[in-house]
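Note sheet for the following structure.
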Amino acid sequence: MTNLKPPASTADDFFVPELCQAEALLGLILLAELLVLVLVLAEPMVIGLDWMRLALTSLFVQWIVLLSAAGICRARPYLARLSASSAVLIICALVLFLTLLCTAIAEHFYLTEELSGEARGHLYIRHALISLIMCALLLRYFYLQGQWRRQQQAELQARLQALQARIHPHFLFNSLNSIASLIASNPEKAEHAVLDLSDLFRASLAQPNTLSTWRNELTLAKQYISIEQYRLGKRLHMLWDVDTVPADLPIPHLTVQPLLENSVIYGIQPSIQGGTIEVSAHYSQGVFKLQVSNPFMPGDSISNPRGTRLALNNIEARLKALFGPTARLSIQQQLDRYTTSLSYPCSRPAAQVPKPDESINR
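Take the sequence shown: its position 17, counting from 1, is numbered 17 in UniProt numbering, and each next residue is one higher.
So this is what it looks like as structure tokens:
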């Protein structure tokens, strides 16, 4: 199967975010305005707020912030190769230089009265200390936030690995049970089914750390159906409506096959005449939707105690972990059919997302 996980980038792991992005830049501007307001309010006032002072100070600080953000953004790929302490020193030196430069420009254009040498020195020292303190606090915040993100990523991967470890045995044993039923009645088919199972299980182990593509997931699901058709014969009919889904669409590994297995075990197998499993998948406006429906016999509920819902709970947990709270999995009973539906937001081609997993047999 194709590995969709791109090579790790050093810049992606750097604790300083991309300050050229709109969201980060807006946050810096708002933070700078709060600093300006504090500085102006901290000065002695005669009557009311000195709006001119506020405007000039805001202009001064925003120039420093925007120039610093542009410089850090430009140098970010190089800073990411250094140690955290070295990167912090370089960033602080850059901010200090820009602060002193902007102070010199402001003194030349906006300070009409001549400052003494001591007053000029105090002005530069004051601006330098304020910029260094704010820069250090902001970098500390970025560092802690980066540590928190890495911890969340590690916890997510551990959770998905645990889900995967629970599913592999179920996947193997259920498939072996299907093949065992063929040995006495049709040894030749059983032999072919063993070969299909070998390919299927090898595929299920092929990419434990990445998302799959819709093309690969669909191939895996059809391999599973071929094993079941050896056993069920004409009792199992399939109806596929999946042609409009992009082949490179990202999907958690082993998502479709467990849904099909549930449909076979609880919809087709109990019925003498069998039935049709319908698979419908569509991708529109950045949202992928999948429906798998199967017939059911009266009194045979989806909540039958024979089923532990392991597959469904596993799939839902992985969807929410990988694609956020907007991912959904639901079950509906309509007339004489059960329909399992799932949906989640995703983009093309397969994005860099944490690890997928497997599931089987509720």
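Glycine included, every Cβ here is placed at the ideal spot set by N, Cα and C.
Could you give the residue range of the alpha helix (DSSP H) that holds Ser226? Counted from its first residue, the sequence shown places residue 226 at position 226. Run containing Ser226: Trp214 to Leu232, per the alpha helix (DSSP H) assignment.
C-beta atoms of Leu236 and Ile268 nearer than 8 Å: Locating residue 236 in the sequence shown gives position 236, counting from the first residue. Locating residue 268 in the sequence shown gives position 268, counting from the first residue. Taking 8 Å as the Cβ cut-off, Leu236 and Ile268 qualify as a contacting pair.
Does the segment 317-335 come into contact with the segment 273-282, if we say contact requires no fewer than three beta-carbon pairs (one atom in each stretch) closer than 8 Å? A contact is defined here as three or more CB-CB pairs under 8 Å, and the segment 317-335 fails this definition with respect to the segment 273-282.
Give the range of the alpha helix (DSSP H) segment to which Ile64 is assigned. Sequence index remark: in the sequence shown, residue 64 carries index 64 (1-based). Its alpha helix (DSSP H) spans residues Trp51 to Leu79.
Any chance the CB of Val292 is under 7 Å from a heavy atom of the ligand SAH? Because no ligand of any kind appears in the structure shown, any question about the ligand SAH cannot be addressed here.
First through last residue of the beta strand (DSSP E) which encompasses Leu329: In the sequence shown, the residue the question calls residue 329 occupies position 329. Arg328 to Gln334 is the span of the beta strand (DSSP E), which, as asked, contains Leu329.
Rounded straight-line distance, which links the Cα of Tyr344 to that of Leu56: Numbered from its first residue, the sequence shown carries residue 56 at position 56. Numbered from its first residue, the sequence shown carries residue 344 at position 344. Whole-angstrom Cα-Cα distance: 48 Å.
Do the segment 59-71 and the segment 24-33 make contact, defined as three or more Cβ pairs closer than 8 Å? yes
Same chain only: Cβ atoms within 6 Å of Val88, ignoring 5 sequence neighbours per side: What you label residue 88 is simply residue 88 of the sequence shown in a count that begins at 1. Correct list, in chain order: Leu139.
What three-state label does DSSP hand Thr103 in the structure shown? What you label residue 103 is simply residue 103 of the sequence shown in a count that begins at 1. If DSSP states are grouped into helix, strand and coil, Thr103 belongs with the helices.
Between Ser330 and the rest of its own chain, which residues show a CB-CB distance below 7 Å, the 5 nearest in sequence each way excluded? Here residue 330 refers to the residue found at position 330 when the sequence shown is read from its first residue. Ser341, listed in sequence order.
Based on the DSSP secondary-structure assignment, which residues constitute the bridge partners of Ala281? Residue 281 sits at position 281 when you count from the first residue of the sequence shown. In DSSP, Ala281 forms a bridge with Leu290.
Find out if the Cβ-Cβ distance for the pair Pro270, Leu211 is shorter than 8 Å. Along the sequence shown, one-based indexing puts residue 270 at 270. Along the sequence shown, one-based indexing puts residue 211 at 211. Not a contact, by the Cβ cut-off of 8 Å.
How long is the line joining the alpha carbons of Cys92 and Gln145, rounded to whole angstroms? Within the sequence shown, numbered from 1, the residue matching residue 92 stands at position 92. Within the sequence shown, numbered from 1, the residue matching residue 145 stands at position 145. Those two C-alpha atoms are separated by around 19 Å.
Reducing DSSP to helix, strand and coil, say where His237 ends up. Counting from 1 along the sequence shown, the entry for residue 237 is found at position 237. In the structure shown, His237 sits in a strand (DSSP, three-state: E or B).
With the cut-off set at 8 Å, would you say Ile277 and Met238 are in Cβ contact? The sequence position of residue 277 within the sequence shown is 277, counting from 1. The sequence position of residue 238 within the sequence shown is 238, counting from 1. Contact: yes.
Between Leu176, Val61 and Thr244, which has its C-alpha nearest Val40's C-alpha? One-based indexing of the sequence shown puts residue 40 at position 40. Nearest C-alpha to Val40: Val61.
Nearest-angstrom Cα distance between Gly121 and Leu94? Stepping through the sequence shown from its first residue, residue 121 is reached at position 121. Stepping through the sequence shown from its first residue, residue 94 is reached at position 94. When rounded, the distance between both Cα atoms is 20 Å.
Just to confirm, are Leu79 and Phe173 a CB contact at a threshold of 8 Å? As a position in the sequence shown, residue 79 is number 79, starting the count at 1. As a position in the sequence shown, residue 173 is number 173, starting the count at 1. Not closer than 8 Å, so no.
Following the continuous beta strand (DSSP E) through Pro345, name the residue where it begins and the one where it ends. Your numbering for residue 345 matches position 345 in the sequence shown. Where Pro345 is concerned, the enclosing beta strand (DSSP E) starts and stops at Arg337 to Pro345.
To the nearest angstrom, how far is the alpha carbon of Ala247 from that of Glu191? In the sequence shown, residue 247 corresponds to position 247, counting from 1. In the sequence shown, residue 191 corresponds to position 191, counting from 1. Roughly 31 Å separates the two Cα atoms.
Spatial neighbours of Val36 in its chain, beta-carbon cut-off 7 Å, leaving aside the 5 residues before and after: Here residue 36 is taken as the residue at index 36 of the sequence shown, counted from 1. So the qualifying residues of the chain are Leu54, Thr57, Ser58 and Val61.
Can you say whether Ala22 is buried or exposed, counting buried as having 16 or more other CB atoms within 10 angstroms of its CB? Within the sequence shown, numbered from 1, the residue matching residue 22 stands at position 22. With fewer than 16 Cβ atoms within 10 Å of its Cβ, Ala22 is classed as exposed.
When DSSP labels each residue in this structure, what does Ile272 get in the three-state scheme? Your numbering for residue 272 matches position 272 in the sequence shown. Here Ile272 sits in coil by DSSP.
Straight-line Cα distance separating Ile179 from Tyr230: For the purposes of this step, residue 230 is identified with residue 230 of the sequence shown, where counting begins at 1. For the purposes of this step, residue 179 is identified with residue 179 of the sequence shown, where counting begins at 1. Looking at the two C-alpha atoms, the distance is approximately 8 Å.
Could you give the C-beta distance for Glu228 and Thr255, rounded to a whole number, given that I count them as a contact under 8 Å? Along the sequence shown, read from residue 1 onward, the residue named residue 228 stands at position 228. Along the sequence shown, read from residue 1 onward, the residue named residue 255 stands at position 255. 17 Å between Cβ atoms; not a contact.
If you check the beta carbons only, do Leu260 and Ala221 fall under 8 Å apart? Locating residue 260 in the sequence shown gives position 260, where the first residue counts as 1. Locating residue 221 in the sequence shown gives position 221, where the first residue counts as 1. In this structure, Ala221 lies closer than 8 Å to Leu260 by Cβ.
Thinking C-alpha only, which one of Ser85, Pro17 and Glu107 is nearest residue 363? Lying outside 1 to 362, the shown extent of the chain, residue 363 is not represented and no answer is given.
Which residue comes first and which comes last in the alpha helix (DSSP H) that contains Asn186? Along the sequence shown, one-based indexing puts residue 186 at 186. Following the DSSP letters along the chain, one finds Asn186 in no alpha helix (DSSP H), marked with neither H nor E.
Spatially closest choice to Asp199 from Gln152, Gln332, Ser226 and Asn177, by CA coordinates: For the purposes of this step, residue 199 is taken as residue 199 along the sequence shown, with counting starting at 1. The residue among Gln152, Gln332, Ser226 and Asn177 with its C-alpha nearest the C-alpha of Asp199 is Ser226.
Reference Pro325, options Ala311, Arg337 and Cys346, closest by Cα: Residue mapping note: residue 325 aligns to position 325 of the sequence shown, counting from 1. Comparing Cα-Cα distances from Pro325 to each of Ala311, Arg337 and Cys346, the minimum goes to Cys346.
Here's a check: name, in chain order, each residue in its chain whose Cβ is nearer than 6 Å to the Cβ of Gln257, leaving out the five neighbours to either side. Along the sequence shown, one-based indexing puts residue 257 at 257. The answer, listed in chain order, is Leu220, Ala221 and Tyr224.
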